[in-house]
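K.L.:
Once you've had a glance at the structure underneath, I'll fire off some questions.
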């Protein structure tokens, strides 16, 4: 005679779990929070406030550029006039200015996103924007945020890359 009782579900094996949830949340939640914090930090950078202007390039097309103060280029003078809206050009200054007026915030997002790389402090896992390209644990060294570097609680130090 056949049994009509349903089999009980097997107990879950921890090795088959697809993700782990820690105190901070799952890895996807932590990464989402880091991206959001990184965007907030980029908007606080002085590069965000760089004046945007429409200029005519060597082909006669109109492009949108950000004019960065030389103090903000970190010794890279070629960044003094950085093109934003890469790959876009307009036939007239009025068209370029209309696009600039309509999409200024997006263009500023693009500018600071191109200039900075998201880094994570190796001590406390805080998000740190790094000017230029940074790859963690490469020969460049390990990134440490200002709060982890500060000795006294008065004024936090600037973030730094420590070499082994």
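Residue numbers (the working numbering): 903 to 1066. Virtual Cβ for every residue (Gly too), placed ideally from N, Cα, C.
#1: In angstroms with no decimal places, state the Cα-to-Cα distance between residue 1033 and residue 992.
#2: Please say whether residue 1030 and residue 1021 have beta carbons closer to each other than 9 angstroms?
#3: Quick one: Cα of residue 951 to Cα of residue 974, how far?
#4: Contact between the stretch 992 to 1001 and the stretch 961 to 968: three or more CB pairs below 8 angstroms?
#5: Does residue 997 come out as helix, strand or coil in the three-state DSSP assignment?
#6: Only counting the same chain, and skipping five residues up and downstream in sequence, which positions put a Cβ closer than 6 angstroms to that of residue 940?
#7: Thinking residue 1043 and residue 1065 are a contact (beta carbons under 8 angstroms), I'd like their distance in whole angstroms, please.
P.N.:
So, to answer that:
#1: 30 angstroms
#2: yes
#3: 11 angstroms
#4: Output reads yes: the stretch 961 to 968 touches the stretch 992 to 1001.
#5: helix
#6: 1020 and 1029
#7: 4 angstroms
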